[in-house]
Each structure stands twice: as structure tokens, then as C-alpha cells.
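To start, the structure itself, in C-alpha cells.
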Amino acid sequence: MLDASEGYITEDGRKIGGVVMEMKNITLRFGGVVAIKDISFDIREGEIRAIIGPNGAGKSSMLNVISGFYVPQEGEVWFHGQKRPPMRPYEVARQGIARTFQNIALFEGMSVLDNVMTGRLNYMQAGLFAQAIWRGKAEREETENREAVEKIIDFLEIQHIRKTPVSRLPYGLKKRVELARALAAEPKLLLLDEPMAGMNVEEKEDMSRFILDVNDEFGTTIALIEHDMGVVMDLSDRVVVMDYGKKIGDGTPDEVRNNQEVIDAYLGVAHD
Amino acid sequence: MSDQLIYATEVILNGLMAGVLYALVALGFVLIYKASGIFNYAQGVMALFAAMTLVGIMNGQVPFAHLINAIFGAHITHFGWNVPALLAILMTMAVMVLMAWCVQHFVMRHLVGQEPIILFMATIGLAYFLEGVADLMWGSEIKTLDVGLPQGLNVWIDDTTYGIFGYGFFIDNLDIVATVIAAILVAALVAFSQYTKQGRAMRAVADDHQAALSVGISLSFIWVLVWSVAGFVALVAGIMWGTKSGVQFSLSLIALKALPVLMLGGFTSIPGAIVGGLIIGVGEKLFEFAIGPLVGGATENWFAYVLALIFLVFRPQGLFGEKIIERV
Ligand SMILES: Nc1ncnc2c1ncn2[C@@H]1O[C@H](COP(=O)(O)OP(=O)(O)O)[C@@H](O)[C@H]1O
Ligand SMILES: [Mg+2]
């Protein structure tokens, strides 16, 4: 079922398309440390793809390779059927790949609204002089961007903190604002690095619901990293399992759950 | 009104206008510091370089004339034309943008992620290099700069105050113009950073590099932009100061006047730079007026630094900075 290049239908009836992102034989080293060892996997259009594994397995490194923050020593990244030349992170972002960070990276000095608005920067066309001279166009553009941002703010239920400086928000809400900023870019591919880490049960449930809704309503392809096996199994269509920089499993949650190597790796860290 | 009060009012007005210029120089520092964490020691030299370039272009001087003549045995110094002030200012701005690009591509780009002290050292190097380039391009002699700004006693203020107080205030026209221009410049900078795409990106970079990258902002583009804006601020400061006291090496020392302003206002706050500049400007004039005669004068040389020191002890984050709480 997974091999069909035109995609598959999930149990809950969502249509998953062809491959949008393919990692081929990625190897990433930091000095002597091999963070990623010869890993290949793909991400299909419309799916929620999870990367799991114990601490230090190389999950964040993999996300950083996809988003251009790290440059692998070996391997190829294919996006929309084309081999991607080495790219800076901002170039990757402009291709429609948005992300959040494991250790939240927000603009602490700005309000929630301004933070989310930065996600729209690439939709602002009017140049410096156009903005000064041709007010009409700039204003129309501003209105459009504002509307898009307000929609996302409503969607993630953060209207009540729109004007609050981000630095005053509790951790759980910061994570949500970061997601909002990523969504504001209307990404084709959304990368989430441990979106639920450090949250309480209720916040985790909210975040899970938002991730599912984003995927469902906007059809956004999502790759997410998660530590918590239970959460991942509920959320994701397919799972890559990493351990010590190697891929030790790849498949549906059920397939992965029954994989002996995965069980061993997880038993080893089950109590950390 | 008593005589003392009238004199003091005049002193305060003059102090405010001096303060505006301090604020302008401090602003150049704040812009770069906010966006890149670099304390740009070269800000003062940039003002000198801008002023020299402006004079050179206006006078139709051949850049690097000495060098060219030495190599080719020629005797050229001037093109034989004069460039109108406004056009020359635009051309100088283009030179400052080119300088910003060179700084980013030949120096700062290679130092990304280095310790702040290394970046600081790089700007010291840049300062001396730029000073050398300025001398080589335009010659090191003192030049006068006249872009047509009004100068000298403002007669209207003199007459009016004489009519009211029986004592005419001495306010220089140049100071008034400088104040107005600086106010416009600050307003324009604020509007730029609040309402334009590039301004928003600039604020984003100032806040968090990683986050800025993740929303598709090119850091090196923004840094060129920021250095260009700082170059523009330096140009404006250079024009004011150069018109007032001639274009010469000491112009680059106005940067030293900006230091106490920064300590007062904080290194990252634009309103801080403005208020800090005004406080120092008024403070030093008023102190000289009131206490100067008692201690033999010349307090303007040190007053700003002492004030800044006192501030450092009691409020190290500056007027507008957030309270610094050590994480333990
Ligand atoms: N920027 C870096 N410099 C050096 N080593 C790094 C860097 N990023 C990650 N590593 C190393 O790569 C390995 C994998 O880290 P990471 O990808 O963060 O794992 P995970 O996200 O699965 O916990 C670790 O050994 C980590 O120390
Ligand atoms: Mg990680």
C-alpha cells in the first residue's frame, strides 16, 4: 500500500499524495560525532510523518538538515521531485518549508500579533520605495496579510493574547505562538521539533488537536519530532525511528510498535 | 523672571540642540548593536568618512588623486566641476551603501558566531582602515563643508526674546536646522522599522537570528541594510558637525561623546539614545553654567562621563533597558 507512488488512503479516510520530500543517504557529522548515519526516508503530501527516538538520536539534526540549518556531509535532499542544491535556511523557508524549534525561537520583544505577522514577510511584495510612494498597494497588501494572520490566530485560539508581548507568556502558549508564526507562512511542509515537550497533559491534548486540525483543514504536510511514543502513535500516519544516528524503523505506528529493534531501543530509555 | 533663570533657559535650549546631535551619533551605534550585537567602534569614523566624501564630491576632487599621481606621474587633482549639494549627498549615500556591502562581505560575514569582543576588535580595525582610506581618497587637510544650511545668530529669536526679557537669546540657525533634521530622521527611522517589510525584518533580526532565518529573512541582506542605515545616520551627523566645526579628524571623536549617551540610554533602545542624548546635552551645558565657574570651567570635557558612571553604578541597564536579573 505504501509503495504506490500516487499515494494511499488512511484509515480515517484522508488522501495521502505522492512523495514531496525525500532524504537520500544523509550523513551528518560534528567533528567525531556522527549525528546522522546514512539515513533515507520520504515524506508524502498531506501526511503527518513522525520522527521518534531517544535523546541524542539525531532527530533535531535531521529536521535541521531539512530546513537548511545544518548541511550534511553526504546525501541528497529531494523536494518536489527535484534535487535541492545546498541552500541557506532563509532560502529553504522561502520554498515553503516552515518550522518550529525544540527550544522555542520567538521574537521575545514583539507582541504575539507581530510575531505571527513575521511569518507573512515573504508575502509582502511591495519594496521599500513602492511602500513610500505607492501607498494604495502597500495598504491593500497589509490588509490581506492581517486577515490571513487573524485567521490563524483564531484557529489556534490565541485571540485573547494578540497584543501581549511574547516574553510574558507561559511556555505552553509560546509553543502555540511559534506554531502560529509557522502557519502564517502557509507552508507546504511544516516541521515541528517536539511541539509538546514540557507541556502538561491538557496542553498536550490541545496541541495534538491543533496539529490534526492543521493537517485536516489546510492539508498541510507535517513532519514532527516527538519523544512521547503514545502521542506519536495517535497523531502520525508513518513513523521513522532513530537511535544513535541510525534509522532503526520506518512504517505505520503499528508496524513500528511491533519492531523488536525499536522496542529494545525504547526499553533502554523508557525511564529517563 | 530673574536674570539667572533667563540665562539658564538659553543654556537649556542650546543644550537640547547639542543633545540632538549626540543622540544622532548614538543612534548609529544602537542600530547596528541591536541588529547584530556588534559595538561599532567605527561609527565616528564613518561620520568623518561620509563628510570627507561629501566635500570631495562637491568640490569635484579626483578620488585617490595622490595615489594616481604617484603611480602614473600625473598631476590631476580636480575634475574641474562642482557637484550641487543635493546630488552630492545622494552620491555620498551610494558610497556609504557600497561601504556597508564591503563591510558585510569582506569582514563581518566571516565572523558570524564569533565572540562579541572579536567583532568589536574587527570594528576597531575597520575604523583605522576607513580613516586611512578617507585620507587616501580625499587628502587629510582640514576642509570646510557648506551644503547651504543657514548659519549664525537667529535674529528673530534674538529680537523676540529681547522684547520679552530685555535679553536676546543667542541661538544658532544651524542648531535649529540640525534639530529639525534630526527629528525628521528619527521619525523616518521609526516609521521605516514599524511599517515596512525591510524594517520589520530588521527588527526580527535584532530580536532572534534563528527565528528570523526560519521565516525566510536573509541575515546578510539585513546586515548590509543596517550598516547602510547607520552610514546614512553617520552622513547626517557628519554634515551637521562638519558644517559647524569643519571636516577634520576630530569629527570622528564625536563617537566618544556618544558613549556616555549609550550608557545612559542603553545600547539597544532608540528612545534611550534620544533621551540620553538630550539629557547629556542639557546636563553638560547646565552644569558648566551653574558649577563651571566654581571649579574653573571646562567641565564639559568630563561631565558626561561622570554622569554615565553614576548611571552605570545604579542602573547598569540604562534608562529604558529591562532590569538585569542574574540567572542562577
Ligand atoms: N550544533 C551541533 N554541534 C555539535 N554537535 C551537535 C550539534 N547538534 C547536534 N549535535 C550532536 O548530534 C547528536 C544528535 O543531537 P540531536 O539531533 O539534537 O538529537 P535529538 O534531537 O534526537 O535529541 C548529539 O550527539 C548532539 O550532541
Ligand atoms: Mg532534539
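So the protein lines, in turn, are chains A and B. By full-length UniProt numbering, the letter at position 110 of the first sequence is numbered 110, and the numbering carries on one by one without gaps. By full-length UniProt numbering, the letter at position 242 of the second sequence is numbered 242, and the numbering carries on one by one without gaps. All C-beta atoms in this analysis are idealised placements derived from N, C-alpha and C, irrespective of residue type, glycine included. Quick caveat: nothing in here was measured; it's all calculated off a predicted structure.
Quiz item: So, does the CB of residue 72 of chain A fall closer than 8 Å to a CB anywhere in chain B?
Solution: Residue 72 of chain A sits at position 72 when you count from the first residue of the first sequence. With a threshold of 8 Å between beta carbons, residue 72 of chain A makes no contact with chain B.
Practice problem: Starting from the beta carbon of residue 105 of chain A, find every residue of chain B whose beta carbon is closer than 8 Å, and list them in chain order. | Solution: On the first sequence, residue 105 of chain A is found 105 positions in, with the first residue counted as 1. 208, 210, 211, 214, listed in chain order.
Quiz item: Cα separation between residue 252 of chain A and residue 139 of chain A?
Solution: What you label residue 252 of chain A is simply residue 252 of the first sequence in a count that begins at 1. What you label residue 139 of chain A is simply residue 139 of the first sequence in a count that begins at 1. Approximately 47 Å, taken between the alpha carbons.
Practice problem: State whether the region 150–167 of chain A contacts the region 108–121 of chain A, with contact taken as three or more CB pairs (one from each stretch) at a distance under 8 Å. | Solution: Yes, since at least three Cβ pairs between the region 150–167 of chain A and the region 108–121 of chain A fall closer than 8 Å, the two stretches touch.
Self-check item: Below-8 Å beta-carbon distance, residue 146 of chain A vs any chain B residue
Solution: Counting from one through the first sequence, the residue named residue 146 of chain A turns up at place 146. Chain B, which has no Cβ nearer than 8 Å to the Cβ of residue 146 of chain A, makes this no.
Exercise. Give me the Cα-Cα distance between residue 234 of chain B and residue 131 of chain B, rounded to the nearest whole angstrom.
Key: Translated into positions along the second sequence, residue 234 of chain B becomes position 234. Translated into positions along the second sequence, residue 131 of chain B becomes position 131. Roughly 14 Å between the two C-alpha positions.
Quiz prompt | Simplified DSSP assignment, three categories, for residue 271 of chain A | solution = For the purposes of this step, residue 271 of chain A is identified with residue 271 of the first sequence, where counting begins at 1. In this predicted model, residue 271 of chain A has a pLDDT of only 41, less than 50, meaning its place in the structure is not dependable enough to derive any value.
Quiz item: Within the 8 Å Cβ cut-off, does residue 109 of chain B reach chain A?
Solution: Here residue 109 of chain B refers to the residue found at position 109 when the second sequence is read from its first residue. Interface with chain A (8 Å Cβ-Cβ cutoff): residue 109 of chain B is excluded.
Self-check item: Residue burial classification, residue 310 of chain B (beta-carbon count within 10 angstroms, cutoff 16)
Solution: Position 310 of the second sequence, counted from the first residue, corresponds to residue 310 of chain B. By the neighbour-count rule (16 or more Cβ atoms within 10 Å), residue 310 of chain B is not buried but exposed.
Quiz prompt | CB of residue 67 of chain A within 8 Å of CB of residue 89 of chain A, strictly | solution = Looking up residue 67 of chain A in the first sequence gives position 67. Looking up residue 89 of chain A in the first sequence gives position 89. In this structure, residue 67 of chain A places its C-beta atom within 8 Å of the C-beta atom of residue 89 of chain A.
Quiz item: What's the gap between the Cα of residue 50 of chain A and the Cα of residue 123 of chain A?
Solution: Residue numbering aside, residue 50 of chain A sits at position 50 when the first sequence is read from its first letter. Residue numbering aside, residue 123 of chain A sits at position 123 when the first sequence is read from its first letter. Spanning the two alpha carbons is a distance of roughly 29 Å.
Quiz item: Comparing alpha-carbon positions, which option in B:189, B:229, B:218, B:312 lies nearest residue 262 of chain B?
Solution: As a working mapping, residue 262 of chain B is identified with position 262 in the second sequence. Checking every option, the nearest Cα to that of residue 262 of chain B belongs to B:312.
Exercise. Can you tell me which of the three DSSP states residue 110 of chain A falls into?
Key: Position 110 of the first sequence, counted from the start, is the residue given in the question as residue 110 of chain A. Under the three-state reduction of DSSP output, residue 110 of chain A falls in the coil class, being neither helix nor strand.
Practice problem: Could you check how far apart the C-beta atoms of residue 99 of chain A and residue 191 of chain A are, in whole angstroms? I think they sit under 8 Å. | Solution: On the first sequence, residue 99 of chain A is found 99 positions in, with the first residue counted as 1. On the first sequence, residue 191 of chain A is found 191 positions in, with the first residue counted as 1. 4 Å between Cβ atoms; contact.
Self-check item: Among A:241, A:265, A:245, A:246, nearest to residue 255 of chain A - alpha-carbon criterion
Solution: In the first sequence, residue 255 of chain A corresponds to position 255, counting from 1. Ranked by how close their Cα comes to the Cα of residue 255 of chain A, the residues A:241, A:265, A:245, A:246 have A:241 in first place.
Exercise. Out of B:26, B:190, B:53, state which residue places its alpha-carbon closest to the alpha-carbon of residue 40 of chain B.
Key: Taking the first residue of the second sequence as 1, we reach residue 40 of chain B at position 40. Nearest of B:26, B:190, B:53 to residue 40 of chain B, Cα basis: B:26.
Quiz item: Looking only at its own chain, which residues have a Cβ that is under 6 Å from the Cβ of residue 2 of chain A, when we skip the five neighbours before and after it?
Solution: The count along the first sequence starts at 1 and reaches residue 2 of chain A at position 2. Caution applies to residue 2 of chain A, whose pLDDT of 45 falls short of 50 and renders its modelled position unreliable; the model cannot decide the point.
Exercise. Using the Cα positions of residue 159 of chain B and residue 199 of chain B, report the straight-line distance between them to the nearest angstrom.
Key: Start at 1 with the first residue of the second sequence, and residue 159 of chain B comes out as number 159. Start at 1 with the first residue of the second sequence, and residue 199 of chain B comes out as number 199. In this structure, the alpha-carbon of residue 159 of chain B lies about 44 Å from that of residue 199 of chain B.
Quiz item: Per the contact definition of three or more C-beta pairs closer than 8 Å, is the region 131–151 of chain B in contact with the region 43–54 of chain B?
Solution: With the cut-off at 8 Å, the region 43–54 of chain B and the region 131–151 of chain B touch.
Quiz prompt | Per-residue contacts from residue 184 of chain B into chain A (C-beta, under 7 Å) | solution = Along the second sequence, one-based indexing puts residue 184 of chain B at 184. The premise fails here: residue 184 of chain B is roughly 14 Å from chain A at the closest Cβ pair, so nothing lies under 7 Å.
Self-check item: Run of the beta strand (DSSP E) containing residue 41 of chain A, from where it starts to where it stops
Solution: Within the first sequence, numbered from 1, the residue matching residue 41 of chain A stands at position 41. Here the beta strand (DSSP E) through residue 41 of chain A covers 33–44.
Quiz item: In terms of DSSP beta bridges, what is residue 30 of chain A paired with?
Solution: As a first step, residue 30 of chain A is located in the first sequence; it is residue number 30 there, counting from the start. Beta-bridge pairing links residue 30 of chain A to A:33.
Quiz item: So, is residue 70 of chain A buried or exposed, given that buried needs 16 or more other C-beta atoms within 10 angstroms?
Solution: Along the first sequence, one-based indexing puts residue 70 of chain A at 70. So residue 70 of chain A counts as buried.
Quiz item: Alpha carbon to alpha carbon, what distance is there between residue 201 of chain A and residue 172 of chain A?
Solution: In the first sequence, counting from the first residue as 1, residue 172 of chain A sits at position 172. In the first sequence, counting from the first residue as 1, residue 201 of chain A sits at position 201. Residue 172 of chain A and residue 201 of chain A have their alpha carbons spaced roughly 11 Å apart.
Practice problem: Per DSSP, which residues does residue 49 of chain A bridge with? Please list them. | Solution: The residue given as residue 49 of chain A occupies position 49 in the first sequence. Per DSSP, A:223, A:238.
Quiz item: According to a CB-to-CB cut-off of less than 9 Å, which residues of the region 108–126 of chain A neighbour chain B?
Solution: Those residues of the region 108–126 of chain A that come within reach of chain B (Cβ to Cβ, closer than 9 Å) are 108, 109, 110, 114, 115, 117, 118, 119, 120, 121, 122, 124, 125, 126.
Quiz item: What do you reckon, are the CB atoms on residue 95 of chain B and residue 76 of chain B nearer than 8 Å?
Solution: Taking the second sequence and counting its residues from 1, the one referred to as residue 95 of chain B is at position 95. Taking the second sequence and counting its residues from 1, the one referred to as residue 76 of chain B is at position 76. Between residue 95 of chain B and residue 76 of chain B, the gap from beta carbon to beta carbon reaches 8 Å or more.
Exercise. Kindly indicate if chain B contains any beta-carbon less than 8 Å away from that of residue 29 of chain A.
Key: Residue mapping note: residue 29 of chain A aligns to position 29 of the first sequence, counting from 1. Output row for residue 29 of chain A: interface = no.
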